[in-house]
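Below: the structure, in structure tokens.
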Amino acid sequence: MDLYSAEQSRSKRPKLEDHAPPLDFLTRLPCELVSEVFSKLPTSSLINFMYVCRSWRSLAQDPSISRHLSTITKNNQCLIFHCDSPIRSQVCLADFNSSPGNIQNQKASNLLPIFTSSMPEFDVVASWHGVLCLSDCLFGDKLYLYNPFTNFFKQLPQPLKLPNQESVIGFGFAEKTQEFKVVQIINVKPSKDHREPCSKVLILSMRNSKWREIVEVEYHFVQCTQQILVNGRLHWVTQQRKRGRSRWSALVSFDLTNESFDEVPKPEREALKKYEFHLLVIKGCLSAAFYCRRGRLEIWVMKTYGEKESWTKEFSIRNHIPKGLKENNELDSWSMKFLKTASRARGVRAVCVLDNGEILLEYKGKALATYDPTRRKFKDLQIQGIPKWFQVVHAGSFNWNDTLSW
12 MDLYSAEQSR SKRPKLEDHA PPLDFLTRLP CELVSEVFSK LPTSSLINFM
62 YVCRSWRSLA QDPSISRHLS TITKNNQCLI FHCDSPIRSQ VCLADFNSSP
112 GNIQNQKASN LLPIFTSSMP EFDVVASWHG VLCLSDCLFG DKLYLYNPFT
162 NFFKQLPQPL KLPNQESVIG FGFAEKTQEF KVVQIINVKP SKDHREPCSK
212 VLILSMRNSK WREIVEVEYH FVQCTQQILV NGRLHWVTQQ RKRGRSRWSA
262 LVSFDLTNES FDEVPKPERE ALKKYEFHLL VIKGCLSAAF YCRRGRLEIW
312 VMKTYGEKES WTKEFSIRNH IPKGLKENNE LDSWSMKFLK TASRARGVRA
362 VCVLDNGEIL LEYKGKALAT YDPTRRKFKD LQIQGIPKWF QVVHAGSFNW
412 NDTLSW
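In structure tokens, the structure reads:
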């Protein structure tokens, strides 16, 4: 066979793409069948599905299918990471449902927000079912709401900026009014008008998209503390000056519906007076993790919201140095200090309780481990694909619906 005949023969062979179904074939199927197909896919595959073509994206956003996806993913266990890289911030996803029997070796997917050209470096303020509130960490002049599961985002009106004043951003969803709200808290320094430290509070509702000042409170909100949303209220650990005395920590809540502040009773724990604790949510309950002697971590849960007597110590976790810190040469610089310092183990953060009952722990933004309270054993959690520095910003289910008062 000569060269021309061989080329002609190859050209007559059926190509793979000749038999491939058109990309819009899914749109011709009944919604019930499409929903059944989607229910078999892990979260990461559902996200990739959105990027194939416009018709597939529109299909996933069909109201009936979207409602079904929200139902089947309601109990999905996934982690969203805010990661630092040399050039820009990243958002990564690890889906535990893709391999439910093996959470020790996970692979993360990189979810690059499409607005990063205008805001390459950002902080994740908070999350509600995976919807993230992002702020510009370079200039502080931009705010975004971003759903990494649907890649939908919205830029919010610019927050108020005062010279030389610290600002804390809160974010949550008001269930009663079905709308997102963003809270800006500006710590006002003492002056002629404000002899005592106080905070100016502004709020932004997605329904009117305008910032409005609502109140001034005599609390000092610390930038590095994490907010927690429980019972329709945002919670922070704050500081307060009373009658000219030194500051002491207070557990403060903000009702997203009534837009009012209130103090939440604290458990009788000496560590609270030293400001050595952080907040988290366990089974829908407000919880606090205290740093105790010898690197031990105690987790207390408020079983009945608002009742001081309902605070109960649920877990006691001894210290642990994960393999990730040792590999990152952190043993000399931090881990030895961790072991020697009695009650200063602030490099450990209890993130959540996983579906299997194990507690997820984050170590200094560089390593993860799980703790089994029944067997009292640790397991180092290896997640491939995330940069060296990271922070877990969401753990749990996510929101597939983009129609909630954006």
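Going by my numbering, the first residue of the sequence shown is number 12, and it counts up by one from there.
Note that CB positions come from ideal geometry on N, CA and C, so glycine has one too.
Query raised in the report: Once you ignore the five residues that flank residue 270 on each side, which residues in its own chain have a CB closer than 7 Å to its CB?
Result: 214, 225
Requested in this report: List the DSSP bridge partners of residue 245.
Outcome: 240, 265
Query raised in the report: In terms of residue numbering, what span does the beta strand (DSSP E) encompassing residue 122 cover?
Result: 120–122
Query raised in the report: Looking at residue 272 and residue 241, is the spacing between their C-beta atoms short of 8 Å?
Result: no
Query raised in the report: CB-CB under 7 Å to residue 274, same chain, minus the five flanking residues each way: which ones, in chain order?
Result: 261, 262, 263
Query raised in the report: In this structure, does DSSP put residue 107 in helix, strand or coil?
Result: helix
Query raised in the report: Taking the alpha-carbon positions, what's the residue 230 to residue 198 distance?
Result: 8 Å
Query raised in the report: For residue 268, which residues from the same chain have a beta carbon less than 7 Å from its beta carbon, with the 5 sequence-adjacent residues on both sides left out?
Result: 185, 187, 188, 243
Requested in this report: Quick one: using the 10 Å Cβ neighbour count with 16 as the cut-off for buried, is residue 173 buried or exposed?
Outcome: exposed
Requested in this report: Would you mind stating whether residue 392 and residue 382 have Cβ atoms separated by less than 8 Å?
Outcome: no
Query raised in the report: According to the Cβ coordinates, are residue 220 and residue 170 closer than 8 Å?
Result: no
Report task. Give the single residue among 287, 180, 147 whose Cα lies nearest to the Cα of residue 304. Result -> 287
Query raised in the report: Are the CB atoms of residue 194 and residue 234 nearer to each other than 8 Å?
Result: no
Requested in this report: State yes or no: is the C-beta of residue 307 within less than 8 Å of the C-beta of residue 329?
Outcome: yes
**Report entry** Buried versus exposed, by CB contacts within 10 Å (16 or more), residue 369
**Finding:** buried
Query - Supposed contact pair residue 145 and residue 136 - C-beta distance, whole angstroms, cut 8 Å - result: 7 Å
Query raised in the report: Any chance the CB of residue 126 is under 7 Å from a heavy atom of the ligand FAD?
Result: Within the structure as shown, the ligand FAD is missing, as the structure has no ligands at all.
Query raised in the report: Given that a residue counts as buried once 16 or more other Cβ atoms are within 10 Å of its Cβ, and exposed if not, what is residue 159?
Result: buried
Query raised in the report: From residue 2 to residue 266, what does the alpha carbon distance come to, in whole angstroms?
Result: The structure shown does not extend to residue 2, since the chain spans only 12 to 417, so no value can be given for it.
Report task. Would you mind stating whether residue 406 and residue 90 have Cβ atoms separated by less than 8 Å? Result -> yes
Query - Three-state class that DSSP yields for residue 172 in the structure shown - result: coil
Query raised in the report: What are the residues that DSSP puts in a beta bridge with residue 335?
Result: Its beta-bridge partners do not exist; DSSP assigns none.
Requested in this report: List the endpoints of the continuous beta strand (DSSP E) containing residue 40.
Outcome: No beta strand (DSSP E) contains residue 40, which DSSP labels as neither H nor E.
Report task. In the DSSP assignment, find the beta strand (DSSP E) that holds residue 182 and state where it starts and stops. Result -> 177–185
Query raised in the report: Which value, in whole angstroms, describes the spacing of the CA atoms of residue 161 and residue 130?
Result: 19 Å
Query raised in the report: Which value, in whole angstroms, describes the spacing of the CA atoms of residue 335 and residue 157?
Result: 30 Å
Requested in this report: Would you kindly work out how many angstroms separate the C-alpha atoms of residue 111 and residue 88, rounded to a whole number?
Outcome: Only weak support exists for where residue 111 lies, its pLDDT of 49 falling under 50; the coordinates are left without a value.
Report task. Report the rounded CA-to-CA distance for residue 10 versus residue 376, giving the unit in angstroms. Result -> The structure shown has nothing for residue 10, since the chain only spans 12 to 417.
Query raised in the report: Roughly how many angstroms lie between the CA atoms of residue 232 and residue 333, to the nearest whole one?
Result: 32 Å
Report task. Whole angstroms is fine: what's the gap from residue 318's alpha carbon to residue 364's? Result -> 22 Å
Query raised in the report: Taking C-beta to C-beta, are residue 210 and residue 196 nearer than 8 Å?
Result: yes
Query raised in the report: Helix, strand or coil for residue 306 per DSSP?
Result: helix
Query - Rounded straight-line distance, which links the Cα of residue 201 to that of residue 118 - result: 49 Å
Requested in this report: Report buried or exposed for residue 138, applying the criterion of at least 16 other Cβ atoms within 10 angstroms of its Cβ.
Outcome: buried
Query - Integer Cβ distance of residue 384 from residue 326, believed to fall under 8 Å - result: 5 Å
Query raised in the report: Residue range of the beta strand (DSSP E) that residue 394 falls in?
Result: 388–395
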